[in-house]
Each structure stands twice: as C-alpha cells, then as structure tokens.
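Heads up, the sequence shown is in the working numbering, so the first residue is 6 and it goes up one at a time. Heads up, the beta-carbon is just placed ideally off N, CA and C, and yes, glycines get one too. In this text, all values refer to a predicted model and were calculated from it rather than measured experimentally. Below: one structure, written as structure tokens.
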Amino acid sequence: MVSEDKINRIRESVDIVSTIEEYFPLKRAGVNYKALCPFHQEKTPSFVVSPEKQIFHCFGCGESGNVFNFLMKMEGLDFIDSVKRLAARTGIQLDFEKDEKYEKKKKLRDMIIDLNRRAAVYYRKMLDGARGKKAAVYLKQRGLDPETIESFQLGYAPDDNSLVKQALKEGVSEDILVKSGLAGKGDDNRLFDKFRSRIMFPIFDENGQVAGFGGRIMEDSAKLAKYINTAQNEVFEKKKLIYGFYHAKNKIRDTKKVLLLEGYMDVIAAHQFGISNAVATLGTALTQDHIYKLRHWVEEVVLSFDADEAGSEATARGMEILLGSDVMGKVCELPSKKDPEDIIRKDSGEFIKCVNEAQPILDWRIGYSIKKFSHLDDRVFMQEKIIQDLNPVINIVSFDPIKRHEMARLLSHKMNLSQRGYMALEEKISKVLGKTSSGYRQELKMTSSVPQSGIPEKEEKLMKEMLHILLKKPELTVNVKDIVSIDLDSKNMYYNMLKDYIYTYNADTHRMMEDEKSKSVVSELACKPLNSTEPEVYLASLKEDYKRFGVKKEFEKVSAEINTMIKNNQPVDKEKKEIYDKLKKDLKGIKKKIKLGGSIG
Numbered sequence: 006m007v008s009e010d011k012i013n014r015i016r017e018s019v020d021i022v023s024t025i026e027e028y029f030p031l032k033r034a035g036v037n038y039k040a041l042c043p044f045h046q047e048k049t050p051s052f053v054v055s056p057e058k059q060i061f062h063c064f065g066c067g068e069s070g071n072v073f074n075f076l077m078k079m080e081g082l083d084f085i086d087s088v089k090r091l092a093a094r095t096g097i098q099l100d101f102e103k104d105e106k107y108e109k110k111k112k113l114r115d116m117i118i119d120l121n122r123r124a125a126v127y128y129r130k131m132l133d134g135a136r137g138k139k140a141a142v143y144l145k146q147r148g149l150d151p152e153t154i155e156s157f158q159l160g161y162a163p164d165d166n167s168l169v170k171q172a173l174k175e176g177v178s179e180d181i182l183v184k185s186g187l188a189g190k191g192d193d194n195r196l197f198d199k200f201r202s203r204i205m206f207p208i209f210d211e212n213g214q215v216a217g218f219g220g221r222i223m224e225d226s227a228k229l230a231k232y233i234n235t236a237q238n239e240v241f242e243k244k245k246l247i248y249g250f251y252h253a254k255n256k257i258r259d260t261k262k263v264l265l266l267e268g269y270m271d272v273i274a275a276h277q278f279g280i281s282n283a284v285a286t287l288g289t290a291l292t293q294d295h296i297y298k299l300r301h302w303v304e305e306v307v308l309s310f311d312a313d314e315a316g317s318e319a320t321a322r323g324m325e326i327l328l329g330s331d332v333m334g335k336v337c338e339l340p341s342k343k344d345p346e347d348i349i350r351k352d353s354g355e356f357i358k359c360v361n362e363a364q365p366i367l368d369w370r371i372g373y374s375i376k377k378f379s380h381l382d383d384r385v386f387m388q389e390k391i392i393q394d395l396n397p398v399i400n401i402v403s404f405d406p407i408k409r410h411e412m413a414r415l416l417s418h419k420m421n422l423s424q425r426g427y428m429a430l431e432e433k434i435s436k437v438l439g440k441t442s443s444g445y446r447q448e449l450k451m452t453s454s455v456p457q458s459g460i461p462e463k464e465e466k467l468m469k470e471m472l473h474i475l476l477k478k479p480e481l482t483v484n485v486k487d488i489v490s491i492d493l494d495s496k497n498m499y500y501n502m503l504k505d506y507i508y509t510y511n512a513d514t515h516r517m518m519e520d521e522k523s524k525s526v527v528s529e530l531a532c533k534p535l536n537s538t539e540p541e542v543y544l545a546s547l548k549e550d551y552k553r554f555g556v557k558k559e560f561e562k563v564s565a566e567i568n569t570m571i572k573n574n575q576p577v578d579k580e581k582k583e584i585y586d587k588l589k590k591d592l593k594g595i596k597k598k599i600k601l602g603g604s605i606g
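Written as structure tokens, this is what we have:
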C-alpha cells in the first residue's frame, strides 16, 4: 500500500481543475467551476468543482470526491491505479508499504494477467500457423479482414495440450495455470488445456489487459457448447466485464452513447464497419455492475439483440435493469430472423438507421408484451395477461408518477382503448400496485413526514449550517468547541459529523471525505456558497439558536415533571420550581438575543 503522506503529496501536487478539463471544458462560476455532469444525463450544469478545496460534487446525482475519485469514475480505475497515474504525472516516486494480504492478492492477479497476455500471443501465433488454417478460413468466411483480427487479437486453440506444455516449459506453475482457468486437472491429476479446437477471443478489461478468454467452436455440435468462457477467478468476473469496451471507450466517451449487442462476432463486425461504440456482455444478462460501469460514460444505452425469442427475452431483462437506472434506454428492433452481424455485413447503413430509430425502452417493452398475447381472442383476458406480464415493469415505475402515467397512456394507445377503457386500465394497474408495493408506499409516507433521526428538522439544519461554515472556514473551528462535546453521542447526524470534523479529522476536509458515509455531504457543503458574507457573525447567531434548543428541551422536561406532580396532587418542591423559573428566564433571554441578531429558519 502507498503511505498516506505520499498520497497527500500527490493530491496536493495535482490541480483538479486542469485534470478534469482534460476530459471536458469547465466554466467559471464565482469561486468555483461548473459543467454538465459526466456521470448522469442532465440539461442544466450541476457538476461543481472547487479549486480551493480541490474536490468536485454533482448536485444532481450526488457523485463526489477528489482528483483520485474523479479518475476512478472516468477511467474505471481502482484507487491504487489512480494514485499511480497521478504519481507518474507529478514525478513523485511511490513507496509501497507492506500489506501481506494485499501483496499476495496483487501477486496472483499480476501472474494471471501476465499468463493471459502470453496465452493471447500464443493463440494468435497458432491462428497464423499451419494448425490454425481451418480457423483462419472460418474467420475469412465470416467476413473478418486481417486488420480486425489483429485489432481484437483473435487466435486459435489447437486440439491438444500444447498451451500447457509451452507454459510449463517457460516456468509457469501448475497452480497458476489452473487458477487462470486456462488449464484443468484430470482424474489422473495431469494438466490439460481447457480451450481446445476453438476460435479464441481475448477479453480485455478497460485498461487493455487480458482478463480472460471466450472460445467458440467452428461447427455446431450437440455435445459441445458453442461458446465457453474463462471460469471466474481473481481477474475474470463475467457480470462486471464488457466485451469490446476497451476498443469502444473513446467513441463511447465522445458520443455518450453505447450500442449493446449479443455476441462477440456482432461486436467485431460492428467495429469493422465503423460502428465503434458497440460492446457485448459475456453471455449473461445485463447486470447492475454493467450499468454502474457504463453510467459513468454514457447518457444512452441502445439494446440490439438477435431477433429470436431468446434475444427478445434478453432485451426484456436488460430493459428492466435500465428502466430502474438513471441511464436512458432504447431498443433497436431487428427484422425477423436476423442478427446484428448479418445485417451489418449486408448493409451497415441499414443497421445504423435501425439504431438511430431505436424505440424508447418503455414503448418496446409494452409492445413486446402485447405481441406475446395478441393471439388471444378474449380481449379482457388478453389485457389481464399483458398487465400480469408487465408486473415487473409496473413495480419499477410505480414510485415515479410520470413514468406510471406514461405507461398507462402507452398501453391504452397501443391497444386502441377508448377513454373508458383507459380508465379501467389505470384501475387494473393500481390494483397491481396495491398488491406489490402498498407496504413500501406506506413506509415511504411514514418516513417522509418525520426525520428518521427523531431530531427536529430545524435543529438538524442549524448543525448542518455550522458544518457548512467550518468546512469553508476551518479557522473558526475553535468557536464551536464549547457546544460540541467529544463525549456526546447525539442522534443528530450533523452534530456527529461536526464532532468528527473537529476532533477526529482535525478540520481536514480531505481526510473526512475518506469516510464514505460523510463524503457526499462534505463535498456538497464544501462546493456550495455560504449563506452569509460574515461567516463569524452568522456562526455566533447559529450557536445562540442551537443553545435555545437545549434550554427549551430542558424546560419542557421540567414542565412535564411539574405537571405530573400537580396532576397527582403532589407538592412541587422549591428546587424544582427554581429550576423551572431559571430555565424560563434563560429561554426568554435567548429568544431576545435571537430577535436582535437574527437566525436561520
């Protein structure tokens, strides 16, 4: 691991504004800079960069952090890789502290990645040699030119154990060969090549490293799977990797649009014919991990799977993931019994036109359900089956009234319903919602009216404003130590954050942002202008207002005790009465000060 001092030196040596401007322009906005957020779709700039604090915050989607976090999100890097990249830029030499668990894991990853790289070179060599002649002919018949084969580093795995033999000869251990997924062990404990007699597709991660392989047979077989992938290991995780992403990422960044196809050959054909923002999942449905990776790069995902039943089901599953995200989704519906590769090779212009005319995802999903049950003669029964089929979608859009209304409108339009039919349809959708989500809606209703902390909203607002001032003016920290006790565990989230800022992080904004729970709040306040031009005076008034809450709580507690005594015909002792009178007097004094000095709220 890199020492904390070295990380701080790197961060302080890099200007976040100039780093971000390497990706997109920023516009000056007072003391800060603004731009359209690269991490979500928006029309009005809400992405703010603070040169003073060297942090960014999006007031639209909540993404935030320092220069390391920005690189991690934009380039898909992990933290150490972002540190390395910025260290190289600044010329600061890294010194890694020993962390045995991390070092062991990193060593294994590095060995697998190195073996994968060498295996890709080996398979490529086999394709060009005598043993790969049949595979080379197959790829030529599929229309791939030599430049495309070279760009995607396609290769061939012979029908023998030649990779294992070559790797052992070069000193690769049996353990690494098995852990990489390139080799297996038989009952006799001898190693064998996992990929045999297959076209080999190296699968690159976003940094261009070979994470694993896909292998395809050249002739259909009832005994063999058409495609097999590397088994999951330290480097290869199917649900997170996207085929073609490394080749497509520059185009994706430029267009903010990605075309998601079904297979490796679809992607390769698309790139060969100039459609260079095409990618594919690795034989899996679209996952939340895929969306998380893509949402940092794109505003729009267009799905285009094979025009068969399996392709339609894959599109439907992908649609549900997209509809629940903040990424715009569309569907390019292909002509019957055609797949993207066929259309691209026959007429790439026709395919591009199809992509440009892609339907919004909700339109397509409703049409898909209608088509599924259009054979039913009973119109009422058909309608019920359609709504039942759309239950997962109704669940997703149920808490968004705009999407919910749009769904009912589209359904009624596509089924040619009258106004009366439309009203009946809305009632049916409401019944579905009542069965699936009434409990959650009730929970939302309950939690929205009362702060989860149980702290009055104004009291939370006071502490939030104090934190806001101190993040901007850390030199004023000493002014609030008298009301923020190191020993007090409050239910007020902002009180606890204020306490951490003062006592745990010693008024260091960047250290506090290392806490994921605090990061978004801290970056938001640090990038937001203060509500006063005289922060010290404003802070003093906030303190007085906050003190009032303490006195008021104590006053209400004593009042309740006295009322109980009176109700039970018990005498009110002199000491209790004196406390009551003093608190009442203190409360009046604080109210008077607040009227003179002003307060928030």
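Query                                                                                                                                                                                     : Result
Check whether the segment 252–260 touches the segment 289–307, taking contact to mean three or more Cβ pairs, one atom from each stretch, closer than 8 Å.                                : yes
What's the C-alpha gap between residue 550 and residue 584?                                                                                                                               : 21 Å
Under 8 Å: do the segment 411–421 and the segment 367–377 share three or more Cβ pairs, one atom per stretch?                                                                             : yes
Rounded to a whole number of angstroms, what is the C-alpha to C-alpha distance between residue 521 and residue 557?                                                                      : 34 Å
Could you name the residues of the same chain whose beta carbon sits closer than 6 Å to that of residue 477, not counting the 5 residues immediately before and after it, in chain order? : 535
Once you ignore the five residues that flank residue 516 on each side, which residues in its own chain have a CB closer than 6 Å to its CB?                                               : 510
Determine the burial state of residue 178: buried for a count of at least 16 other Cβ atoms within 10 Å of its Cβ, exposed for fewer.                                                     : exposed
Which word fits residue 29, buried or exposed, when buried means at least 16 other C-beta atoms lie within 10 angstroms of its C-beta?                                                    : exposed
Tell me whether residue 248 sits in a helix, a strand or coil according to DSSP, three-state version.                                                                                     : strand
To the nearest angstrom, how far is it from the Cα of residue 180 to the Cα of residue 192?                                                                                               : 16 Å
Run the CB neighbour count on residue 590, radius 10 Å, all protein chains shown included, and call it buried at 16 or more, exposed below.                                               : exposed
Distance, Cα to Cα, residue 541 vs residue 35?                                                                                                                                            : 21 Å
Can you find the residues in the same chain that come closer than 8 Å, C-beta to C-beta, to residue 488, ignoring five residues on each side of it along the sequence?                    : 548, 551 and 552
CB-CB under 6 Å to residue 113, same chain, minus the five flanking residues each way: which ones, in chain order?                                                                        : 239
Less than 9 Å between the C-beta atoms of residue 164 and residue 201, yes or no?                                                                                                         : yes
What does DSSP give as the partner residues of residue 189 in its beta bridges?                                                                                                           : 197
What is the rounded straight-line gap between the Cα of residue 543 and the Cα of residue 483?                                                                                            : 15 Å
For residue 367 versus residue 308, is the C-beta distance shorter than 9 Å?                                                                                                              : no
Assign residue 5 to one of two classes, buried (16 or more other C-beta atoms within 10 Å of its C-beta) or exposed (fewer than that).                                                    : Nothing can be reported for residue 5, as the shown portion of the chain is limited to 6 through 606.
Are residue 519 and residue 497 closer than 9 Å when you measure CB to CB?                                                                                                                : no
So which of 81, 79, 115 and 72 has the shortest CA-CA distance to residue 94?                                                                                                             : 72
So, under 8 Å CB-CB, residue 88 and residue 7 are touching, yes? Tell me the CB distance rounded to an integer number of Å.                                                               : 6 Å
Would you kindly work out how many angstroms separate the C-alpha atoms of residue 569 and residue 68, rounded to a whole number?                                                         : 51 Å
If we ignore side chains and look at the alpha-carbon of each, how far apart do residue 42 and residue 561 end up?                                                                        : 47 Å
Can you tell me where the beta strand (DSSP E) with residue 305 in it begins and where it stops?                                                                                          : 305–308
If you measure between the beta carbons of residue 334 and residue 269, is that distance less than 9 Å?                                                                                   : no
Taking the alpha carbon of residue 24 as the point to measure from, which residue in 187, 80 and 46 has its own alpha carbon closest?                                                     : 80
Which of the three DSSP states is assigned to residue 532 in this structure?                                                                                                              : helix
Measure the C-alpha to C-alpha separation of residue 40 and residue 22 and round it to an integer number of angstroms.                                                                    : 11 Å
Using 8 Å as the threshold, is the segment 205–217 in touch with the segment 239–251, meaning 3 or more CB pairs across them?                                                             : yes
Hey, how far is the Cα of residue 224 from the Cα of residue 144?                                                                                                                         : 12 Å
Grab the span of the beta strand (DSSP E) containing residue 266 for me, first residue to last.                                                                                           : 262–266
Have a look at the DSSP bridge pairing and note the partners of residue 234.                                                                                                              : 219
In chain order, what residues of the same chain lie with their CB nearer than 8 Å to the CB of residue 397, ignoring the 5 residues before and after it?                                  : 325
Candidates 183, 246, 571 and 391: which alpha carbon is nearest residue 120's?                                                                                                            : 183
By Cβ distance, which residues of its chain are closer than 7 Å to residue 57, with the 5 residues on each side in sequence left out?                                                     : 36
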